[in-house]
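**Student:** Chains as they are written, first to last, in the numbering used here: chain A, 1 to 146; chain B, 147 to 292.
Pasting a structure below so you can have a look.
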DNA sequence: TTTAATTTTGTAATGATTACAAATATAAAA
DNA sequence: TTTTATATTTGTAATCATTACAAAATTAAA
Ligand SMILES: [Mn+2]
Ligand SMILES: [Mn+2]
Ligand SMILES: [Zn+2]
Ligand SMILES: [Zn+2]
């Protein structure tokens with residue numbers, strides 16, 4: 001991992017939480033760790049299922065609460081691909097997303113949505129920008145042809 | 147209305163439906179008319195409430211069905227601003243959207259999301275692109291300062 | 001007409017998220 | 001340490017937009 005690429009370089013997950021003024025409970029640390037290492041942009045259900053084996057008492061509600069808390073302090077990005085389920089991204093760097101309409105996989109795109117938001121009407125204040133692309137991933141595109 | 151700006155120029159709403167192979171029932175024509183003239187990117191509930199006075203027997207389910215049908219034949223664009231409610235746009239020209247986080251109003255942006263989707267991974271097929279901007283509209287930004 | 005197909009309608013089911021309160025864990029005070 | 005207050009987790013119930021479904025109404029075909 002490059003030093004410059006990670007704004008939390010050299011901090012433990014627990015420290016990251018403390019620096020945000022959040023008590024680093026076992027559940028929160030595990031959820032943060034999972035989010036920061038996952039590349040699949042998991043849903044609450046995916047986080048829950050992944051952590052359940054190591055934390056049998058984990059509640060879905062805790063995952064919902066935690067992910068909401070992380071959103072508020074800016075530890076995760078919430079993505080809505082219009083499937084009725086939200087996905088969470090621990091990668092806060094400016095980038096965009098592609099969702100395969102066939103297999104549902106989500107890929108990162110090296111496109112900075114911020115830079116796009118030029119032509120805004122006078123007097124508008126931009127807080128967030130999201131760029132979503134939908135289509136077929138290379139694998140599903142291949143299979144399509146058969 | 148300029149000739150070039152409307153792909154359905156000179157067609158009645160009924161004809162537009164027929165050309166899509168859809169039977170132009172009273173409900174469908176009214177819903178299409180409403181969608182094509184509205185600039186507010188209405189939700190199903192908004193469409194339903196707007197048409198109820200003139201069609202007291204209208205069912206919410208019909209609006210849901212119709213809007214789904216229109217989506218499938220490409221008569222509307224579905225927008226998801228992550229508020230748990232979908233919004234519908236009869237304007238099919240390439241453009242983006244701004245939602246005010248304070249008052250919930252949706253504004254059109256003169257930004258073509260298609261053109262952004264350059265750097266796609268090899269072999270990916272793009273079907274749809276959406277660009278969403280969130281923030282404060284000029285009115286709400288003013289009020290904010292008081 | 002009569003019959004068949006389509007569309008609309010109302011109600012029930014679904015499912016992700018949120019609300020809530022009891023149980024548990026942690027920190028602060030004594 | 002023990003007691004007490006505060007924060008967090010947990011399980012269950014409520015919410016609410018959307019979807020499923022079947023009966024009623026409308027329209028087209030025979
Ligand atoms: Mn990402
Ligand atoms: Mn629009
Ligand atoms: Zn795929
Ligand atoms: Zn506003």
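All C-beta atoms, glycine included, are put in the ideal place defined by N, C-alpha and C.
1) Nearest-angstrom Cα distance between residue 199 (chain B) and residue 286 (chain B)?
2) Is it the case that the CB of residue 187 (chain B) approaches a heavy atom of ligand 2 more closely than 7 Å?
3) How many Å lie between residue 284 (chain B) and residue 125 (chain A) at the Cα?
4) Would you check if there are 3 or more beta carbon pairs closer than 8 Å linking the segment 271-281 of chain B to the segment 231-243 of chain B?
5) Tell me whether residue 159 (chain B) sits in a helix, a strand or coil according to DSSP, three-state version.
6) Check whether the Cβ atoms of residue 273 (chain B) and residue 101 (chain A) lie closer than 8 Å to each other.
7) I think residue 215 (chain B) touches residue 168 (chain B), with their Cβ atoms under 8 Å apart; what is that distance to the nearest whole Å?
8) Under a CB-based cut-off of 8 Å, is residue 122 (chain A) close to chain B?
9) Is there a Cβ of chain B sitting closer than 8 Å to that of residue 89 (chain A), yes or no?
10) On the three-state DSSP scale, how would you describe residue 99 (chain A)?
11) Starting from residue 78 (chain A), follow its DSSP beta bridges and name the residues at the other end.
12) Is residue 248 (chain B) near ligand 4, with its Cβ less than 7 Å from a heavy atom?
13) Helix or strand or just coil, what does DSSP make of residue 271 (chain B)?
14) Residues in the segment 182-213 of chain B with C-beta within 9 Å of chain A's C-beta atoms, listed in sequence order?
15) If you measure from the beta carbon of residue 93 (chain A) to each beta carbon in chain B, is any gap under 8 Å?
16) Cβ atoms of residue 29 (chain A) and residue 155 (chain A): under 8 Å apart, would you say?
17) One question on the structure: do residue 87 (chain A) and residue 79 (chain A) come within less than 8 Å of each other, judged by their Cβ atoms?
18) Suppose contacts are defined by Cβ-Cβ distances below 8 Å. Is residue 250 (chain B) in contact with residue 181 (chain B) by that definition?
19) Does DSSP classify residue 282 (chain B) as helix, strand or coil?
20) Of all residues in the structure, which have a C-beta closer than 5 Å to any heavy atom of ligand 2, taken in chain order?
**Tutor:** The structure says:
1) 31 Å
2) yes
3) 7 Å
4) yes
5) helix
6) yes
7) 7 Å
8) yes
9) no
10) strand
11) A:88
12) yes
13) strand
14) none
15) no
16) With chain A running from 1 to 146 in the structure shown, residue 155 (chain A) is simply not present.
17) yes
18) no
19) strand
20) B:235, B:237, B:254
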